[in-house]
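Counting in the UniProt record's numbering, the sequence shown runs from 1 upward without gaps.
Beta carbons: idealized from backbone N, C-alpha and C, even for Gly.
A quick write-up on the structure given underneath.
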Amino acid sequence: MMIDKRLIGAVPDSRGHVARNVLYQWGGLLASAATTFAFARLLGGLLQGVATGADLAAACGVGLLAMAVRWLCTAMAGRESFLASRSVKKALRRRICDKLLRLGPSYAQQVSTSEVVQVSTSEVVQVTTEGVEQLETYFGAYLPQFFYSLLAPLTLFVLLFPISWKAAVALLLCVPLIPAAIAAVQTVAKKLLSRYWGQYTALGDTFLENLQGLTTLKIYGADGRKNEEMDREAEQFRRITMKVLSMQLNSITIMDLVAFGGAALGMILAVGELAAGNLSFAGCLAVILLSADFFIPMRQLGSFFHVAMNGMAASGKIFALLDLPEDPPRQGRLPEDDYTVCCRDLHFGYEPGRPVLQGVSLDIRPGALTAVVGESGCGKSTLAALLTGRCRGYGGEVRIGGVELGRLSAEELARTVTYVGFAGYLFSGTVAENLRMGCPEADDAALWRVLERTWMADFLRGEQGLETHLEPQGANFSGGQRQRLALARALLHDTPIYIFDEATSNIDVESENDIMAEIHALAGEKTVLLISHRLANVAAADCICVLEGGRVAGLGNHLSLLAEGGLYRALWAGQQQLERFAKGGAAQ
Ligand SMILES: Nc1ncnc2c1ncn2[C@@H]1O[C@H](COP(=O)(O)OP(=O)(O)OP(=O)(O)O)[C@@H](O)[C@H]1O
C-alpha cells in the first residue's frame, strides 16, 4: 500500500537516505524507551522506599544521555529527510528535462496529441515544479515513516513482552487498525485526489492563459466575463479542496480514536495486572508510558499519508510524461554539399480524418528563392512546421540532400534549418546576448555586420550599441525593429536552409522592404523558403508554389502562374485592387 516501486526506483539515491532516516528514528525510540525504563524503575524504587542516591544518579545519567542521543537522532533524521527531498527534486526534474529534450521540437505536438496522457504544455510546467515538490514529502517524510511505523511497534513489543505479555500483545494487535482505517479511506481518497489534481492544473491553465491574453481581454471588454468563468472554476476548486480537507480531517479523527483507544486498552490491561499483583509498579508505569508510542508512528504516518497521496497523484502525471513514446535515435547525416529540399506526395494532419496537407510535391533548391502562397488555412505554416521538425508523423517523403527528414536528429535539423516566424522571440537582456543565441562564438564585428545587413546598426549606435537593453519579448522595441533583430540573429545562425514564415507580417512597409531585400539576397547563397500571404513579396521568387486546401494548385514563376490563370491570378488581382484602393485612400 502506497509503496510505489517505480517511484522509488526512479530515485535510487533516495533508498540510502530513507534507510538511514529510519535507523535514526529507531535510535531515538530506543533512547526514549531507555529513559522511560530508568525513571519507571526509579519511581518504583522510591515508592517502595528502596531507591538510593546512586539509583537517582543512574536514572538522571541515563536520562541525560538518552536526551542527547535522541536530539542527535532527530537532527540526523531531519538531515536525511532533507537529503532525500533534494535528491528527489534533482533526479525527477532532470529526468523530465531530459525527456523533453529527447522529445525534441515536436514535444508540444506529442504531449497534446497523446492518447495516454492529456498533459497540456502548461501542465508540464506545473507537474515539473509543484508536482515534484509534492513528491518531496513522499520521500522525505512518508517513506521513512512507513518503515519506522512498522519497526517501532515491533521493537516496543519485544521490550514490553517480558514485562506484561498481555498488554504487549493487545497493543501490537491494535496497531494494524490504523493502516486498515487508512486503506478504507484510500479508496475514496484516490478518486477525490485525482479529481482535485485535475481541477488544480486546469485552473492553473486558465489563469496562465487569461494572464497572457489580458491585454486582448481588456481591448474587447471580455475581462469581466473571463473573470466570472475563472470565479466559477475557482469555486469548483474551493469545493473540491474542502472535500479533500474534510476527508483528511475525518480520517485523522478515525485514526486518533484507534490510537487513543488502543493505548487506553494497553494501559487498562497493565493496571489490571498490577491490581492482580502480576506486575510491579515500575513495570506498569513503563507499559503506561510506552503504550502511546506503539501508535504515534502509525498515527504520524496517517498525517503524511494525505500529502503523500497528493504526490502520488502528481507522480501519475510525471510518469505519463516520462512514458511518452520516443522516436528511435536518428542517425541520418546530411551530405555537406546538397541542401535541396524535396517533398513528394506529402500528407499530414493534426487529427485523424482531418488532412491538412494532401499530396504536396515541391522542390526547394539552393541558390534560388522558393515561395509558398495560398489562402489562410491552406497549410503553409504546417509545411514549415514539418520542415523544421516541429510536427512529426507525415506521409510521403521529405528529403534534404536525399536524406529522409525523419532520419535526422533534432540537433542535426537545428544545425541545418533556421526558422523565422512572424514574431521571433526576444529575451530580456542585451542585444548582443540575443544575437549570440544564433552563434555564441560570434565576435562584436560579426554582430555589427548582421546588424548592418538588417538596417539596425544606425539605430543601435544611437542607443547603447550591442549593450542596448531589451525588455522581455523585446517590448521596448518596435515591431519592425524586433523583426530586424530576429532576422539578424537568424543570419548569424548561418545554416544552409532558411524558412521565413510571414516574417514581415504586421510590420511597417520600410522594415518589410528591408527584410524582403535581405531574404532575396540570402536566397542567392542558401536554400530559402518564403511563406507570405502578400503576393507582391513573392513576385520575384524563382519558384512559387500555390497551395489550395493542402494541395498544390499551381507551380511556376509569377508570370507563368499569372498566365495560367487559376487561384494565383485571382489572389494577385484581389491584392492589387486592395493595394490600389489603399494607396488611393492614402492619397486623398
Ligand atoms: N496545432 C494545430 N492543431 C490542430 N490543427 C491545426 C494546428 N495548426 C494548424 N491547424 C489547422 O491546420 C490547417 C492549416 O493551418 P496552417 O497554419 O498551416 O495554415 P496557413 O496556410 O499557414 O494559414 P495562415 O496563412 O492563416 O497562417 C488549418 O485548418 C488549421 O486549423
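According to DSSP, residues forming a beta bridge with residue i
i	result
G554	V546
I364	V341
I499	Y419 and L529
Q358	H347
R399	C342 and E404
L369	V528
T430	H469
G374	L547
Sequence-distant residues of its chain with Cβ nearer than 7 Å to residue i (five each side left out)
i	result
S478	none
Q236	Q199
V417	L387, T388, T495, I497 and I499
S428	L470, E471 and P472
A34	V62 and A66
L522	Y498 and V528
A170	L265, G266 and L269
residue 593	Residue 593 lies beyond the residue range present for the chain, which begins at 1 and ends at 588; the question has no answer from this structure.
W448	A457
Same chain, Cβ closer than 6 Å to residue i, five either side skipped, listed in chain order
i	result
V185	S251
M267	I288 and S291
Y138	A308 and G311
residue 645	Examination of residue 645 is not possible in this model, given that the chain is present from 1 through 588 alone.
G353	none
Q576	none
D223	L217
A10	none
Close-in-space but distant-in-sequence residues of the same chain around residue i (CB under 8 Å, 5 per side omitted)
i	result
L460	V431, L451, L466 and T468
G556	C543, I544 and E564
M516	T504 and N537
R333	V403 and E412
L47	F281
A181	S251, I254, M255, V258 and G302
A540	L369, H520 and H558
F304	T137, A141, Y142 and Q145
A59	A38, F39, R41 and L42
E510	G480
Whole-number beta carbon distance between residue j and residue i, since they are thought to touch under 8 Å
i	j	result
S14	V88	6 Å
I240	R195	6 Å
D293	A152	7 Å
Q473	A314	So it is not a contact: roughly 30 Å between Cβ atoms.
F144	Q25	The identity of residue 144 in the sequence shown is Pro, whereas the question assumes Phe. Right, their Cβ atoms sit about 7 Å apart.
S560	V373	Contact doesn't hold; Cβ gap of about 14 Å is too wide.
E262	L150	For the record, residue 262 in the displayed sequence is Gly; it is not Glu. Not really, about 16 Å apart at Cβ, beyond 8 Å.
L530	A385	About 16 Å; that fails the 8 Å criterion.
C73	A31	7 Å
A488	V420	About 10 Å; that fails the 8 Å criterion.
L103	E326	7 Å
E518	R453	6 Å
D508	G462	D508 to G462, Cβ: 18 Å. No contact.
N21	A77	5 Å
S164	G45	That pair is no contact at about 19 Å.
Residue-level contact to chain D via CB, residue i, 8 Å cutoff
i	result
Y419	Here chain D cannot be found, since the structure has a single protein chain.
* Asked: Pick out every residue whose C-beta is nearer than 5 Å to a heavy atom of ligand 1: which are they, in chain order?
  -> Having a Cβ closer than 5 Å to some heavy atom of ligand 1 are Y350, V356, S376, G377, C378, G379, K380, S381 and T382.
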